[in-house]
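S.K.:
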Amino acid sequence: MYCISTATPSEPESFELPFGGKLSDENRWVIMANLILWEKFEEEYAKSFCENKGAPALPFRVAMSALIIQERLGISDRETVEQIRENPYLQYFIGLTNYQTEAPFDASMMVYFRKRIKLNVLNKINQEMVKKGREIIEDKESDARREERGEESERFNAGKLRLDATARLSIAERLVRPLILSIPQI
Numbered sequence: 501m502y503c504i505s506t507a508t509p510s511e512p513e514s515f516e517l518p519f520g521g522k523l524s525d526e527n528r529w530v531i532m533a534n535l536i537l538w539e540k541f542e543e544e545y546a547k548s549f550c551e552n553k554g555a556p557a558l559p560f561r562v563a564m565s566a567l568i569i570q571e572r573l574g575i576s577d578r579e580t581v582e583q584i585r586e587n588p589y590l591q592y593f594i595g596l597t598n599y600q601t602e603a604p605f606d607a608s609m610m611v612y613f614r615k616r617i618k619l620n621v622l623n624k625i626n627q628e629m630v631k632k633g634r635e636i637i638e639d640k641e642s643d644a645r646r647e648e649r650g651e652e653s654e655r656f657n658a659g660k661l662r663l664d665a666t667a668r669l670s671i672a673e674r675l676v677r678p679l680i681l682s683i684p685q686i
């Protein structure tokens, strides 16, 4: 049984930490959480469940983000759950609203997540992440160009500055690379 989540994604500032403070907007898991349109893919995930039978399933965001964490970190099912239990950024990434010391699910659930999330959904998520990431990058570049044009008339041109293009990569640009999950299709 699956109930589509109606909870809206929370901002990192509203994530409750027991020791005070707040999550950084610059963290890779916070950035990636904002690149994925979770609710857009939840309906496709819900199709793999019966309407009235069985225990309620975990939300799509929990399932998908757990698989992303596992693939990005290259760790086992048990280690994935342990990392999520220990790390507030990973808990934010899977959609929790506050830090908890207990594991959000058992490691055996990872097998079901891999079975339920189809390859076409993964491909769509990849495409959406890349598209949204590129939009963010283009917005930043156009803002920088506008600032540059406004400042050029005020400054004296003393030559050319050559920058190494690889040094410009921001966190968002590095996260935009396609996500390839090794999920066996059954």
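Going by the working numbering, the sequence shown opens with residue 501, and the numbers climb by one from there. C-beta atoms are modelled at their ideal positions from N, C-alpha and C, and glycine is treated no differently. Quantities reported herein were computed from a predicted structural model and do not represent experimental measurements.
Is the stretch 522-536 touching the stretch 581-595, taking contact as three or more C-beta pairs under 8 Å?
M.R.: These segments touch.
S.K.: Could you name the residues of the same chain whose beta carbon sits closer than 8 Å to that of L517, not counting the 5 residues immediately before and after it, in chain order?
M.R.: The residues are L523, P588, N598 and Y599.
S.K.: Taking C-alpha atoms, which residue in E648, E641 and R616 lies nearest to E544?
M.R.: Selected option, being the one with the closest Cα: R616.
S.K.: Closest by CA to V630, which one among V562, G520 and L537?
M.R.: Closest by alpha carbon: L537.
S.K.: Using CA atoms only, rank isn't needed, just tell me which of A644, M609, K618 and P512 is closest to E542.
M.R.: It is K618 whose Cα lies nearest to the Cα of E542.
S.K.: Quick test of your reading: E602 and R585, contact by CB under 8 Å. State the CB separation rounded to the nearest angstrom.
M.R.: Right, the Cβ-Cβ distance comes to about 7 Å (below 8 Å), so this counts as a contact.
S.K.: Hey, how far is the Cα of R687 from the Cα of D639?
M.R.: No information on residue 687 is available, as it lies outside the stretch 501 to 686 that the chain covers here.
S.K.: How would you label P512, buried or exposed, when you count the other beta carbons within 10 angstroms and need 16 or more for buried?
M.R.: Buried.
S.K.: Taking the alpha-carbon of D577 as reference, which of A555, Y612 and K547 has the nearest alpha-carbon?
M.R.: Selected option, being the one with the closest Cα: Y612.
S.K.: Taking S524 as part of the alpha helix (DSSP H), name the residues at either end of that continuous run.
M.R.: Element bounds for S524: n/a, residue is neither H nor E.
S.K.: Quick check on N587: does DSSP put it in helix, strand or coil?
M.R.: Coil at N587, not helix or strand.
S.K.: Would a C-beta distance cut-off of 9 Å place V621 and F605 closer than the cut-off?
M.R.: No, the pair does not count as a contact, with Cβ atoms beyond the cut-off.
S.K.: In three-state terms, what does DSSP make of N626?
M.R.: The answer is helix: DSSP assigns N626 an H, G or I state.
S.K.: Taking its Cβ as the centre, do 16 or more other Cβ atoms sit within 10 Å of A533, making it buried, or is it exposed?
M.R.: Flag for A533 reads buried.
S.K.: What did DSSP end up calling N598 once you bin it into helix, strand or coil?
M.R.: Of the three classes helix, strand and coil, the one that applies to N598 here is strand, per DSSP.
S.K.: Determine the DSSP secondary structure at L517, reduced to helix, strand or coil.
M.R.: In the structure shown, L517 sits in coil (DSSP, three-state: anything other than H, G, I, E or B).
S.K.: State the CB to CB distance for the pair L573 and Q583, rounded to an integer number of angstroms; the pair is presumed to be in contact (CB under 8 Å).
M.R.: Yes, L573 and Q583 are in contact; Cβ-Cβ is about 7 Å, under 8 Å.
S.K.: Tell me which same chain residues have a C-beta within less than 6 Å of the C-beta of L535, skipping the five on either side of it?
M.R.: Excluding sequence neighbours, L535 sits near M629, K632 and G633.
S.K.: Looking at the C-beta of F613, does it have a partner C-beta in chain B at a distance below 9 Å?
M.R.: Looking for chain B here will not work: only one protein chain is present.
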